Amino acid sequence: MAVSAVLGAQWGDEGKGKIVDVLARDADIVARFSGGNNAGHTVITEKGEFKFHLLPSGVVWPHSLNVIGNGVVVDPDVLLTEIAGLKQRDIGIEKRLVVSERSHLVMPYHVVLDELSEKAKGREAIGTTGRGIGPAYADKASRIGIRATELLDIEALFPRLEVVVNHHNAIITKVYGGEALDLLEIFEKCKLWSDKLSEYIGPVEHIMFDSVNSGKKIIIEGAQGALLDLDHGTYPFVTSSHPTIGGAMTGLGLLPGQIDEVLGVFKAYSTRVGGGPFVTELHDNTGDEIRNRAQEFGTTTGRPRRVGWFDSVVGRYSARINGYTDMILTRLDVLDIFDSIKVCSSYELDDTVVWDFPGNASTLERCIPIYEELPGWDTPTAGVTKIDDLPKNARRYVDRISELVGAPVKIISTGPHRDETIHVS
Ligand code: GDP
Ligand code: IMO
Ligand code: MG
């Protein structure tokens, strides 16, 4: 397929990085469209493990062009650190990275505001990654954001920056009792970013338009997951952007009809980091077993991830919003140790059975999972590369999930490495 979108189908960390890397082997372009360095995407190559927060996961393939779309919020310091990290490992990025001139910058005051607003919320805190993502998108919507293109005309930036810094300093000091930031220090940073990043800033919409028209193979790399979407997720316990298919279009300047396949990446169970409803969450030994076996600790913040069984109410909703042409199931091998495995097919809410995902966080807190119990398998799936080599019960588990979600399974991942992958179709 020419243009494939790889989207997180649950609450993030589904293994998008690994899958994008596998699919990018013969891709011309890998493009991020949403989020910022709240994302953490793991890729393992012959050079070892990479954790990308901003750079698209295609950067490890020397032939690929990597694009950061207008829908992404870019922390320039993090981007520079990631570029330097690649250079240290002998991966050059010159002429292989384009950052949209329209992307917004995550500024130092955004990080401060993220932390202060989370602290002020107390028990109602969202549990953000603390990377300034929400405040950066809020500034974008309030039309006081600073865009990458402004680094190209640093003198014109100063008067705007002054207004914005004064505005945020008033909030930091008067609302939160925090310490004001120094305008000139921030401006010095902008000058440095201008020096180091100008060569990468470009017109992403035009590049994407021309590339699609000339039949280039493009992988669109989602960040976060459908249930963290600002509109469709478990609001207010969401991120501040649109990790769903609509976001892929607005975040890169693509048109309806230009995306040939929409691939929903699902973990074979569920995880979530931070606060918010999680109907199938496990608070018992089984949850701890999965967390420890799968090393479910955040790629960005190191926080322990909350763990639960696969939730097909979430899966069906996510498929409805994104229109998956196919599912990709990762981390099947993590379930190798269990005698039986539960799958949530529906919820019980006030004595009724609910099939469709409720839109209200407090309603979700009252939902009780209704489980089907499927038998585990006696030979491991870890490292299996052919569908015919999967144990019968593992195949049965995959098929049942596919049936409940309502999308065919195209790829099954049986380990973190590239070759631990089954291409089903
Ligand atoms: P992303 O944010 O969706 O890219 O996912 P993360 O990189 O944050 O987390 C996924 C974790 O699972 C990483 O440590 C991957 O190396 C690992 N991983 C990906 N696929 C598999 C798999 O099929 N099996 C196992 N055991 N680990 C996997
Ligand atoms: P990847 O791309 C998992 C979660 C945070 C928090 C909420 C809001 O690696 O799948 P934010 O910092 O975005 O304002 O936090 O969203 N979150 C993620 N959880 N994976 C991610 O990205 C996430 N990005 C944000 O934990 O609950
Ligand atoms: Mg992640």
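The sequence shown maps to residues 50 to 474 in the working numbering.
Cβ coordinates follow ideal geometry from the N, Cα and C atoms, glycine included.
Keep in mind that this is a model prediction, so the values were computed, not measured.
C-beta atoms of residue i and residue j nearer than 9 Å
i: A297; j: L146; result: no
i: R192; j: V160; result: no
i: R340; j: F346; result: yes
i: P105; j: A133; result: no
i: I182; j: V155; result: yes
i: H281; j: Y366; result: yes
i: L230; j: K459; result: no
i: S149; j: I117; result: yes
i: G419; j: D278; result: First, the amino acid is wrong: residue 419 is Ile here, not Gly. Not closer than 9 Å, so no.
i: A431; j: T463; result: yes
i: V314; j: G64; result: yes
i: I390; j: G336; result: no
The ligand MG heavy atom lying under 8 Å from the CB of residue i
i: K316; result: no
i: T463; result: no
i: H90; result: yes
i: T349; result: yes
i: G282; result: no
i: G295; result: no
i: G120; result: no
i: G66; result: yes
Nearest to residue i (by Cα), restricted to the options the options
i: I203; options: D244, L384, M156; result: D244
i: N409; options: V122, Y446, T470, V287; result: V287
i: E310; options: F359, L277, A368, R449; result: A368
i: H102; options: H90, G141, D375; result: H90
i: T283; options: D448, H153, F406; result: F406
i: L381; options: P285, G323, S319; result: S319
i: R321; options: I175, S166, V108, G141; result: I175
i: T470; options: G97, P440, A456, K435; result: K435
i: I68; options: S474, V473, P465; result: P465
i: W60; options: H291, T335, I308, P457; result: H291
i: G372; options: P305, R415, S411, G300; result: P305
i: D360; options: L331, D337, R209; result: L331
i: L413; options: E131, T430, G324; result: G324
i: S152; options: G141, K136, I250, K144; result: I250
i: L207; options: L232, R352, L165; result: A small correction: the amino acid at residue 207 is Phe; Leu does not occupy that position in the sequence shown. Nearest of L232, R352, L165 to F207, Cα basis: L232.
i: I386; options: I417, E338, T374, T198; result: E338
Any non-hydrogen atom of the ligand GDP within 8 Å of residue i CB
i: I93; result: yes
i: E63; result: yes
i: V383; result: yes
i: G313; result: no
i: Q344; result: yes
Alpha-carbon to alpha-carbon, residue j and residue i
i: T329; j: I268; result: 31 Å
i: E228; j: I461; result: 50 Å
i: P157; j: C393; result: 42 Å
i: G364; j: A275; result: 9 Å
i: E421; j: I78; result: 41 Å
i: R74; j: H472; result: 14 Å
i: H112; j: A190; result: 36 Å
i: C239; j: V362; result: 46 Å
i: T428; j: P440; result: 6 Å
i: V108; j: V123; result: 17 Å
i: S289; j: T177; result: 10 Å
i: S451; j: L423; result: 14 Å
Closer than 8 Å: residue i CB and nearest the ligand IMO heavy atom
i: V322; result: yes
i: V287; result: yes
i: R172; result: no
i: T379; result: no
i: R415; result: no
i: D337; result: no
i: N545; result: Here the chain comprises residues numbered 50 to 474, so residue 545 is not present and cannot be evaluated.
Rounded distance between the beta-carbons of residue j and residue i, thought under 8 Å
i: V92; j: D70; result: 4 Å
i: A272; j: A54; result: Actually they are not in contact, since the Cβ atoms of A272 and A54 sit about 12 Å apart, beyond 8 Å.
i: A343; j: V383; result: 4 Å
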